[in-house]
Every structure is written in C-alpha cells, then in structure tokens.
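Using the UniProt record's numbering, read the first sequence as starting at 1 and increasing by one per residue. Glycine is no exception: its CB is placed at the ideal position from the N, C-alpha and C atoms. Source: prediction; values computed, not measured. To keep things clear, I will list the structure first and then write my remarks on it.
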Amino acid sequence: MDLLSKKITFRHALAQWYAKAQRPLPWRTQPSLYRTVVSELMAQQTQIKTMLPYFERWMRRFPNFTALAEASSEDVLKHWEGLGYYSRARNLHKLAQQYIAAESKPRTQAAWQALPGIGPYTSAAISSIALGEAAAVVDGNVVRILARLNDDARVFKNNGEAVKAFTTTADALLDTANPGQHNQAMMELGATLCLKHKPLCTVCPVATFCAAKRNGTQDARPKIERKASIKIEINRAWVLQGDKLLLHRIAENSSQLAGQYELPTLEAVSAKTSKRRLLASRSRAITHRRIKEHIYQTKPKRTLDHSIEWIAVRDLPRITLSGPHRRWINELMSMHNSVAGTQ
DNA sequence: AAAGCGGGGTA
DNA sequence: TACCCAGCTTT
1 MDLLSKKITF RHALAQWYAK AQRPLPWRTQ PSLYRTVVSE LMAQQTQIKT
51 MLPYFERWMR RFPNFTALAE ASSEDVLKHW EGLGYYSRAR NLHKLAQQYI
101 AAESKPRTQA AWQALPGIGP YTSAAISSIA LGEAAAVVDG NVVRILARLN
151 DDARVFKNNG EAVKAFTTTA DALLDTANPG QHNQAMMELG ATLCLKHKPL
201 CTVCPVATFC AAKRNGTQDA RPKIERKASI KIEINRAWVL QGDKLLLHRI
251 AENSSQLAGQ YELPTLEAVS AKTSKRRLLA SRSRAITHRR IKEHIYQTKP
301 KRTLDHSIEW IAVRDLPRIT LSGPHRRWIN ELMSMHNSVA GTQ
C-alpha cells in the first residue's frame, strides 16, 4: 500500500507535530495508569471537552483505584450524573474492585479487555499508553484519518464495520517503539485538525501523505451509512404534594440506568380519568431516536407500583437523575415556587 | 448482526 | 434538525 511504504516518514511527521501541538490534558501532564483508565472510560462516545470537568471532579473524589473500589454505588453514580452511558460508571466501579482484588494485576491488552466496560479500543488505549504495549487504537478519529489518507471510497454499513476494515492498516502504521504516543497523536490529529467537517488540511502535518486531500474528497471520507431516525413520544407525570415529589426509581438490577430516578410516566401514576394539565414539552435525542416528552401535572392513583417513590424536595440534590430530568425538575420546581410566591 | 445506551456540541 | 463524539454490552 502506498501509505505503508512511507510509514517511517509518516510516523516521524506525526510525532513531530504531536510533540508541540498536543493539548495539555490532565492525564498527559500528570499521567498514571488509573488516570488513563478513567479518562478512557469517560471518553467513550464523549467529546474530550465535555468530559474534562467530570474528570477533574472525579479525581478529587476518587484519586486512585482503592478510593474508587471502596466508594458506594450511589456516590459513584452521582459523580457520573449528566455524562450519560451510565453503565460506564458501574463498569468502572466494578473494574476498580476487581483490580484491587486481583492477585496479579492485568498487564496486557488481552488481560485488560477481560475487565468490565473494556473493549478492543479501550484495551488498546490503556495497554499502549500506560503499559507500552504495541496495540493500535481504532476509534472514530483513526477511521476518519485512514479513510482520508487512502481516499477510501468503500461504503460501510456502520461504524463497527469501518473500525474492522481499518484495523489492519492501523496496526501496520503503528510506531511500535512509541505506541502510546503514536495512538494519542492519531486521535489528537483527528480531534483537532482532521475534523469531520472542514478539516484543517492547510496546517496538517501529514497532508503530503493524504490521497483525499490530493483528490479534494475529504468531506466525502469516510462513507458510513446512517440509521433512519425514529420518533417517540412519552407522557410524564408531575405530582408534587407538599414537600414531596413522585419519582420512578429504576431497579438496581436493570441493565440500563440502574438506580437512577426519573419523572414517572403518566400511565404509571395517573388514572385514565383523572384531570391533567400540560406543564411543559421537551425534545431530546438518544442516538437515532428522537424523543418528545410531555410533562403533565396530575393527581396520583390510589395504588402505586413499588418502583414509584415519594422523594422529599430537599433530598433531590442527593439522588441521581439523568441530565434532562434534573433540568426539567429544576425548571418545574422554580415555576412552582414562583407561582406559590406570588400568591 | 443489530439494537440500545445519553448527553452535549455543531453546522 | 441531523449528525458526530477517545465504544461496549446485550439480544
């Protein structure tokens, strides 16, 4: 392959650029195995800029594997609140407990991938960055860069197919003497210059290796098919009596959102015949689903499911809610208070 | 192989 | 609005 025949000079150009252009991220300026692990879990499907404040707060509360392993699930989940993909927090918690308990600590990509929440990407990242193993990472950034370097016109069914297709090339391109630096340099290039829209090719350190730049096809690479979006509507109940709010608690053994609270659905709380008043409508998107949620003020049914709980308003800061639910409750609570205050 | 997961940023 | 982001797990 054309690119691989020049891989030595490519690696050098990339490394020279990364040495001076890299962002001073906290897990780079003060590296450790633990900080690498936490940063990688937090960065899954999440932009660095978004997770950065969470990382700093996390490190103050859980500075090492031991502190995290000994923390309660509630405490761990609370510090993840708003970041999304909450199974990452539960997996990271379990991982810390397994790591502390392990007689022999994991030291290879294969050993790391056996831990909860660690897949091919994250195991390669941890083992290369923190342990010096020659494992190439292939994330969205690397896919984009390699597709452009080769001006690859193939159409991939989804991101997973694209990752598989570029794994061989990524492995061959890896600087095995400095795998951690090389991997981070590739991702840094994708995050700061080889952008999805309007890549900054004029300042790219490896532009001379890039077939897409030569052909002017940057914006069309890579080609990955998208799922059609689905529209969903959900009705939720706002039941505030005295100083207590009715919330739905998701079971601890649920595979998703375990232990989190949310505004209950209207059907779960309110009899069909009871009066209701629309307080607010909000839209949000979860991957390819577009969800519209309507929140109604209503009265509760006589008998409620055990998963529906009265939560004192003063306890709201202590429980874990998803970002949108936290925001809606704050909005509705201040609406309520302002109305009450004028009476 | 495909679906599900969350939220924020951006054009 | 639609798509993307340092992906993994479950079905």
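So residue i is in the beta strand (DSSP E); what residue range does that whole segment cover?
i, result
"Ala89", "Ala89 -> not in any beta strand (DSSP E); alpha helix (DSSP H) instead, spanning 87 to 101."
"Ala312", "308 to 312"
"Glu233", "230 to 238"
"residue 345", "Nothing can be reported for residue 345: it is not among the residues displayed for the chain, which extend from 1 to 343."
Using DSSP bridges, identify the partner residues of residue i.
i, result
"Val76", "Per DSSP, none; premise fails for Val76."
"Gln30", "Per DSSP, none; premise fails for Gln30."
"Thr273", "Partner(s): none; Thr273 has no beta bridge."
"Ile295", "Arg236, Ala280"
"Phe156", "Ile224"
"Thr265", "Arg236"
"Gln241", "Lys244"
"Arg290", "Lys231, Ala285"
For my contact list, residue i and residue j are in at a C-beta cut-off of 8 Å; report their separation, rounded to the angstrom.
i, j, result
"Leu266", "Thr298", "7 Å"
"Ala15", "Asp171", "About 18 Å separates the two Cβ atoms, so there is no contact after all."
"Arg90", "Ala268", "No, Arg90 and Ala268 are not in contact; Cβ-Cβ is about 24 Å, not under 8 Å."
"residue 348", "Pro300", "There is no way to answer for residue 348, as the model of the chain reaches only from 1 to 343."
Determine the direct distance from the alpha carbon of residue j to that of residue i, and round the result to whole angstroms.
i, j, result
"Lys244", "Asp315", "9 Å"
"Val142", "Asn183", "9 Å"
"Tyr121", "Asp139", "7 Å"
"Tyr296", "Asn337", "17 Å"
"Glu40", "Pro222", "24 Å"
"Arg148", "Gln181", "21 Å"
"Asn215", "Pro199", "14 Å"
"Gln98", "Lys227", "37 Å"
"Ala185", "Ile224", "24 Å"
"Arg236", "Met59", "36 Å"
"Leu3", "Asp152", "12 Å"
"Ile145", "Met51", "23 Å"
"Cys204", "Ser104", "43 Å"
Note the first and the last residue of the continuous alpha helix (DSSP H) segment covering residue i.
i, result
"Ile126", "120 to 129"
"Arg60", "48 to 61"
"Leu189", "179 to 192"
"Arg318", "Unbroken run through Arg318: none, as it is neither H nor E."
"Arg249", "Not the alpha helix (DSSP H): Arg249 falls in the beta strand (DSSP E), residues 244 to 249."
"Leu3", "2 to 5"
"Ala111", "109 to 113"
"Gly140", "140 to 149"
"Thr176", "That residue, Thr176, is in no alpha helix (DSSP H); it is neither H nor E in DSSP."
"Ala67", "65 to 70"
### Task
Tell me the start and end of each unbroken alpha helix (DSSP H) in the region 200 to 226 that is at least 4 residues and wholly inside, in chain order.
Runs of the alpha helix (DSSP H) lying entirely within the region 200 to 226 and spanning at least 4 residues, in chain order: 211 to 215.
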